[in-house]
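A.B. asks:
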Amino acid sequence: MLKLEGVSTEYGGVPMLRNVSMEIERGELVCLLGSNGAGKTTTMKSILRLIPLVEGVISFEGKSLKEWKTHQVVDAGINVVPEGRRLFPQMTVLENLKVGAFSEINEEEVSKRLDAVFKLFPRLKERLQQLAGTLSGGEQGMVAIGRGMMGKPKILLLDEPSLGLSPILVEEFIKTIKRINDEGTTILLIEQNAKKALSIASKGYVLQKGEIVVKGNRSELFQSDVIQKAYLRG
Ligand SMILES: Nc1ncnc2c1ncn2[C@@H]1O[C@H](COP(=O)(O)OP(=O)(O)OP(=O)(O)O)[C@@H](O)[C@H]1O
Ligand SMILES: [Mg+2]
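Residue numbering for the sequence shown follows this note's numbering, starting at 405 and increasing by one per position.
1) Is any heavy atom of ligand 1 found at a distance shorter than 7 Å from the C-beta of E487?
2) Select from L535, R583, K449, L593 the residue whose C-alpha is nearest the C-alpha of F525.
3) Am I right that V485 and G588 are in contact with their C-beta atoms under 8 Å? What's the rounded C-beta distance?
4) Pull the bridge partners of F464 from the DSSP assignment, please.
5) By the three-class DSSP mapping on this structure, what secondary structure does M554 have?
6) From E487, Q476, W472, pick the residue whose C-alpha is nearest to that of N440; which is it?
7) According to DSSP, is M495 part of a helix, a strand, or is it coil?
8) From V411 to V458, what does the alpha carbon distance come to, in whole angstroms?
9) Using a Cβ distance threshold of 8 Å, determine whether the stretch 588-604 contacts the stretch 488-508, with at least three qualifying pairs required.
10) Within 10 angstroms of its Cβ, does Y609 collect 16 or more other Cβ (buried), or is it exposed?
11) Where does T538 land, buried or exposed, given buried means 16+ other C-beta within 10 angstroms?
12) In the DSSP assignment, find the alpha helix (DSSP H) that holds M448 and state where it starts and stops.
13) Would a C-beta distance cut-off of 8 Å place L573 and S566 closer than the cut-off?
14) Can you list, in chain order, the residues of its chain whose CB lies under 6 Å from that of E508, leaving out five sequence neighbours each side?
15) Mind listing, in chain order, the continuous beta strand (DSSP E) runs of no fewer than 3 residues lying wholly within the stretch 507-585?
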């Protein structure tokens, strides 16, 4: 469904991603692991056409995204829950959620999608008129994922959605992400917590300094030296 082949990028002439290849099949939940500065967000930005490719091809449903603008990527069904959530703090929860469905003019469809979001996060329903900037971190995370789902994506890219949350909330988010996938949305989950991500992903990739150093299914990743050393021990 979404394929990166030999993707390289740079920031101001400095190479960042080098020869990154990944493949996400329809219905899959794939995780992209790596420590701070490894290039995870850069990978997401290249998929969204926010930064130019130096080399390589990114394709979605068989079509190259090379000439596409970011809004065309989103219209094609690739939605994102960005790093740091990026809500509009002065807008209400409801307004923030509706931003995610901006291209849908049918009100009935919009309220259907809202209901689906409330099923995932019942707590949001009680806070629709609250300003997003006054929500707790966990609630803001819920709005961010909810907003991503309001676009009815074919694939949802989540950039560290549970960063900074308490262990109990992280657990809840992981379950919800699994549920979104079970209900039919393909997912690319960017995480630093390998254990948590691999508890729900069918396969994954590990980025280090802009390169994929390990890839494989859950058990292959668990057994790999990189994961063992960097993430699971100590
Ligand atoms: N606009 C930019 N200009 C120059 N360098 C950048 C830019 N954006 C990112 N970088 C650099 O590229 C590298 C990869 O950044 P990226 O945001 O992709 O990392 P990440 O894996 O998402 O890390 P984190 O887990 O901390 O979010 C970092 O060294 C970062 O400083
Ligand atoms: Mg990042």
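Note that CB positions come from ideal geometry on N, CA and C, so glycine has one too. Since we're looking at a predicted model, the values are computed, not measured.
C.D. replies: Working from what's here:
1) For the purposes of this step, residue 487 is identified with residue 83 of the sequence shown, where counting begins at 1. Yes, ligand 1 has a heavy atom inside 7 Å of this Cβ.
2) As a first step, residue 525 must be located in the sequence shown, where it is residue number 121. With distances taken between Cα atoms, F525 lies closest to R583.
3) Taking the first residue of the sequence shown as position 1, residue 485 is located at position 81. Taking the first residue of the sequence shown as position 1, residue 588 is located at position 184. Contact flag wrong, Cβ pair sits at about 17 Å.
4) Within the sequence shown, numbered from 1, the residue matching residue 464 stands at position 60. Looking at the DSSP assignment, F464 forms a beta bridge with L406, K467.
5) What you label residue 554 is simply residue 150 of the sequence shown in a count that begins at 1. Reduced to three states, the DSSP call for M554 is helix.
6) As a working mapping, residue 440 is identified with position 36 in the sequence shown. The shortest Cα separation from N440 among E487, Q476, W472 belongs to E487.
7) As a position in the sequence shown, residue 495 is number 91, starting the count at 1. It is coil, neither helix nor strand.
8) The count along the sequence shown starts at 1 and reaches residue 411 at position 7. The count along the sequence shown starts at 1 and reaches residue 458 at position 54. One C-alpha to the other measures close to 8 Å.
9) no
10) For this step, residue 609 is matched to residue 205 along the sequence shown. Around the beta carbon of Y609, a 10 Å sphere encloses 16 or more other beta carbons of the protein chains shown; the residue is thus reported as buried.
11) Within the sequence shown, residue 538 is the residue found at index 134, counting from 1. By the neighbour-count rule (16 or more Cβ atoms within 10 Å), T538 is not buried but exposed.
12) The residue labelled residue 448 in the question sits at position 44 within the sequence shown. Segment 444-451, the alpha helix (DSSP H) holding M448.
13) On the sequence shown, residue 573 is found 169 positions in, with the first residue counted as 1. On the sequence shown, residue 566 is found 162 positions in, with the first residue counted as 1. Yes, Cβ-Cβ distance for L573 and S566 is below 8 Å.
14) To locate residue 508, count along the sequence shown from 1; it is residue 104. Hits under 6 Å: V514.
15) 559-563
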